[in-house]
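Notes for the one structure printed next.
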Amino acid sequence: MNSYSTFNKQKPSTLAMAILYNQELMNCDDLQITDLILDMDGVLWRGDTPMPGLVNFFDTIAQAQVGYVLATNNAAKTAAMVVEQLAEYGVKIPRELILNSAEATARYLRHNYPEMKSAYVVGEDGLVLAMTDQEFEVLNGDSFIGSKSRADVVVVGFTRHVCYPQLASAAHLINNGALFIGTNPDVSIPTEFGPLPGAGALLAYLEAATGRRPLVIGKPNLPMFQEALRLLGNKPKTTVVVGDRLSTDIAGGRAAGMKTVLLLSGITREKEVNSSSIQPACVMNDINELAEFIRSHKGPDPLESS
Ligand SMILES: [Mg+2]
23 MNSYSTFNKQ KPSTLAMAIL YNQELMNCDD LQITDLILDM DGVLWRGDTP MPGLVNFFDT
83 IAQAQVGYVL ATNNAAKTAA MVVEQLAEYG VKIPRELILN SAEATARYLR HNYPEMKSAY
143 VVGEDGLVLA MTDQEFEVLN GDSFIGSKSR ADVVVVGFTR HVCYPQLASA AHLINNGALF
203 IGTNPDVSIP TEFGPLPGAG ALLAYLEAAT GRRPLVIGKP NLPMFQEALR LLGNKPKTTV
263 VVGDRLSTDI AGGRAAGMKT VLLLSGITRE KEVNSSSIQP ACVMNDINEL AEFIRSHKGP
323 DPLESS
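For the record, in the sequence shown the residue sitting at position 109 is 131 according to the numbering used here, with numbers rising by one throughout.
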C-alpha cells in the first residue's frame, strides 16, 4: 500500500478494523442513492482517456436528480483544471462540485478552526489558492528558520518545487506549536517513469524531523469524506462512495459510515475483491452499469417529495 500510513507505527484510528471485516456483501438492489461521492481516475477517466459512456453517465444522474461531488487526493490538479478536462470530454460541471485534497484541507481547517489566520504552505499553486480562498494568510518561502515568527498551521501537500530551507522552515514552525496538517497520505505518485515521491513522503520527512504526527485530510481518512458529505447536505445513509481502490475509496467510505460501490474499470481486479478484507457494498464493472442501476432504481421520486 503506497500510503503515508505505511510509515505510521500507530494503528490507523479512523479505520476501525471492526468496520472493515465481516460485513456481508449486500445485494446491489438494496442500495439507495440520493448523492454520489465520485472518485475520478479509474472511474471517470483513465490517464488522459475518458471512460466510454461518460457523457451519458452525467446525463443520467442529472435526470435522476442525484447530487454528486468529485473527490480526489490529487491536489496538483486544481478544480479549474478538472472542469476544463471534463469540458474537453463533453461534460459541463460547476467548479464547486470538485473536491481535491487541497480544497478539502482548506475547507476542513476553516470549518474546524475558524479562529486560525496564518498558514505556512509547502505545496503548489492549487493548495495556496485553496487556502487563500478560505481567507488564510498564506506564508511561504524559506525565511522562517530561527525566526520568532509563528504560523497557526503548517499545511503540506504534493510539490515538485521543494527545497531544504522550506522543509526546515516548516519543521521550525511545527516545533514552535503550529498545527501539522497533510493534504493526502500518498507516499508516491504514478508517473511514466514509475512511482516518484508524493505528499506522504514529505510528511514522513517532517514527522521524522519533528517527532509530530500530521493530521492527514485525504482519502482514506475521514476529513475528506466529511467535507464531501457536508457539500452534499449531510445524508450519509443515501450518499454512496464510488471508487476503484479498496484501500482508499472503499475503506474510507465505509469508515465514514457510507455505502460504497467498487468499479472494476480502474486499478482493482475482481479476484482482488474476493480475497480482500475490505468489502464494498456492491461491485460493478463501470459507470455504464452504475448509470443503468440509477436509471432502474431512481432515488426518491421528485414528484412524491414535492
Ligand atoms: Mg481512482
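Built from N, CA and C at the ideal position, the CB exists for glycine as well.
Proximity test, residue i beta-carbon vs ligand 1 heavy atom, cut-off 7 Å
| i | result |
| --- | --- |
| valine 65 | yes |
| aspartate 266 | yes |
| aspartate 51 | no |
| aspartate 70 | no |
| aspartate 147 | no |
| glycine 288 | yes |
| aspartate 61 | yes |
Bridge partners - residue i, DSSP secondary structure assignment
| i | result |
| --- | --- |
| leucine 72 | Here the sequence assigns proline to residue 72, which means leucine is not the residue at that position. Note: proline 72 sits in a beta bridge opposite Trp67. |
| methionine 306 | Leu285 |
| serine 140 | Glu159 |
| alanine 93 | Leu121 |
| isoleucine 59 | Val91, Val263 |
| valine 105 | Answer is none; valine 105 lacks a bridge partner. |
| isoleucine 203 | Val177, Leu237 |
| leucine 218 | Ile211 |
DSSP-derived helix/strand/coil call for residue i
| i | result |
| --- | --- |
| isoleucine 115 | coil |
| asparagine 296 | helix |
| threonine 261 | strand |
| leucine 244 | helix |
| isoleucine 167 | coil |
| phenylalanine 79 | helix |
| isoleucine 316 | helix |
| tyrosine 43 | For tyrosine 43, the predicted model reports a pLDDT of 42, less than 50, meaning its position is unreliable; a value from the coordinates is still stated below. The answer is coil: DSSP assigns tyrosine 43 none of H, G, I, E or B. |
| leucine 53 | coil |
| alanine 278 | coil |
| histidine 133 | helix |
| glycine 145 | coil |
| valine 150 | helix |
| threonine 270 | helix |
| arginine 252 | helix |
| threonine 7 | Limits of the chain in this structure are 23 at one end and 328 at the other, which puts residue 7 out of reach. |
| glutamine 301 | coil |
| threonine 290 | coil |
| alanine 86 | coil |
| histidine 194 | helix |
Rounded separation between residue i and residue j - CA only
| i | j | result |
| --- | --- | --- |
| leucine 253 | cysteine 185 | 35 Å |
| serine 299 | glycine 168 | 48 Å |
| isoleucine 196 | leucine 92 | 31 Å |
| tyrosine 142 | proline 187 | 13 Å |
| valine 295 | asparagine 162 | 43 Å |
| phenylalanine 166 | proline 136 | 24 Å |
| methionine 246 | aspartate 63 | 17 Å |
| glycine 274 | isoleucine 59 | 12 Å |
| arginine 182 | glutamine 54 | 42 Å |
| glycine 145 | alanine 223 | 13 Å |
| leucine 108 | isoleucine 115 | 8 Å |
| glutamine 45 | proline 302 | Note that glutamine 45 scores 45 on pLDDT, short of 50, meaning its location in the model is unreliable; the coordinates nonetheless yield the value given after this. Their backbone Cα atoms lie some 9 Å apart in a straight line. |
| alanine 84 | alanine 173 | 43 Å |
| threonine 213 | threonine 82 | 33 Å |
| glycine 288 | asparagine 96 | 16 Å |
| arginine 132 | threonine 56 | 27 Å |
| glutamate 106 | arginine 117 | 10 Å |
| leucine 37 | valine 104 | Residue placement at leucine 37 is flagged as unreliable, the pLDDT there being 45, under the threshold of 50; a coordinate-derived value is accordingly withheld. |
Contacting residues, own chain, Cβ-Cβ under 6 Å from residue i (five flanking each side not counted)
| i | result |
| --- | --- |
| glycine 220 | Phe180, Asp208, Val209, Ser210, Ile211 |
| threonine 100 | Gly148 |
| tyrosine 130 | Ile239, Pro245, Glu249 |
| valine 160 | Ala141, Val143, Val150, Met153, Thr154 |
| proline 217 | Ser210 |
| asparagine 198 | Arg172 |
Sequence-distant residues of its chain with Cβ nearer than 7 Å to residue i (five each side left out)
| i | result |
| --- | --- |
| valine 113 | Leu76, Val77, Phe80 |
| glycine 279 | Pro258 |
| tyrosine 43 | Note on tyrosine 43: pLDDT 42, under 50, position unreliable in the model; no value is reported. |
Residues near residue i by beta carbon distance below 8 Å, same chain, minus five either side
| i | result |
| --- | --- |
| methionine 306 | Cys50, Val283, Leu284, Leu285, Leu286, Leu312, Phe315 |
| tyrosine 90 | Asp57, Leu58, Ile59, Leu60, Ile83, Leu119, Leu254 |
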